[in-house]
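Take a look at the structure below.
In UniProt numbering, the protein residues as written are 1 to 201.
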C-alpha cells in the first residue's frame, strides 16, 4: 500500500469514528474519493495529515482535536506542543494517530490526565477498522436516559450487567468511559436478531 493511499484510509476512518461518536464532521471530506484526495494533497502539502478540530453535535463546548504523527515517534516535546494547541482551541480531548510512543510522552499524558483526555491510536487501527470486521456485531452507546430506562425496565443494578473492558478496541473506538453501556445487536441464522447490553469497566 502506498503511503498516500494509507493516509487516505486513515483520514476517512478517523472521520467515520468521530461521526459515530456524535461529532460534527465535514461530510464532503468524508465521502471524498482517493483521486480527489490526491489532487488536494498536491495543492495543500500537509492536508493528508491534518485531522482538524471537531465539535460535538450535542454541545459546542465539547471540542476534540485530531493529530496525525505520521513520522517517527510521539515524544514529549511534540506532545507538549500539541497540548498547547488543545489549550488554544479550548478543547479537552486530543486524539493522536501514531506509529509509536516514547516513555517520556507517556509520562506527560499521565501528568496532564486531570486536564485533558489524550487518546492514542496506532496507524494500523484505522487501516483495519475493527468495527467493520464481519465478526464484530453492531455497537451503540446508550444515552444517560436510555441507560436508566434499561436498568429500571429489568430492575437491575449496573453491577449486574455483563462487562466490557474500557481498553477493549470497540470501547476505545467509541471513546467509552466507565459506566457507559453498549447496546450490542447480533444476527443469528437460528434466532434472528438479538440484543445484549454490556457496561464499561
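All C-beta atoms in this analysis are idealised placements derived from N, C-alpha and C, irrespective of residue type, glycine included. Note that the coordinates shown come from a computational prediction; the quantities given were computed from them, not determined experimentally.
Here DSSP, grouped into helix, strand and coil, assigns residue 152 to helix. Contact between the region 128-142 and the region 79-90 is absent: fewer than 3 CB-CB pairs across the two stretches fall below 8 Å. Counting only runs of 3+ residues, no beta strand (DSSP E) is found wholly inside the region 24-50. Contact check for residue 94 against residue 53 fails: the beta carbons are separated by 7 Å or more. Residue 92 sits in coil when the DSSP states are folded into three classes, being neither helix nor strand.
In summary, residue 200 is buried, with 16 or more beta-carbon neighbours lying within 10 Å of its beta-carbon over all protein chains present.
One thing to note: residue 101 has its Cβ within 7 Å of the Cβ of residue 74.
Under the DSSP assignment, residue 198 falls in the beta strand (DSSP E) whose first and last residues are 192-200.
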